[in-house]
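Q: Can you read through this structure? Questions will come right after.
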Amino acid sequence: MTLNQGLVHLAHTRLAIIELSEAANQPMSSKCGRYTLVFNGEIYNF
-4 MTLNQGLVHL AHTRLAIIEL SEAANQPMSS KCGRYTLVFN GEIYNF
């Protein structure tokens, strides 16, 4: 998936083995559209 917002370009390919839902697709954007996240890792104490 690719996101193009003016001067910033983000690309991410995800290996979906744990969370298979569409909600886990990346890049993730906030509801207001101000923040975008591409994440590679795990959160252990969520």
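Counted from 1, the sequence shown has number 15 at position 20 by this note's numbering; the numbering is strictly sequential.
Even glycine gets a Cβ: it sits at the ideal position worked out from N, Cα and C.
Quick one: measure Cβ to Cβ for residue 21 and residue 3, integer angstroms, because I've assumed they're closer than 8 Å.
A: Between residue 3 and residue 21 the Cβ distance is about 14 Å, and since that is not below 8 Å, they are no contact.
Q: Please report the distance separating the alpha-carbon of residue 39 from that of residue 6.
A: Looking at the two C-alpha atoms, the distance is approximately 24 Å.
Q: So if DSSP puts residue 8 in a beta bridge, which residue, or which two residues, is it bridged to?
A: The partner list for residue 8 (beta bridge, DSSP) is empty, contrary to what the question assumes.
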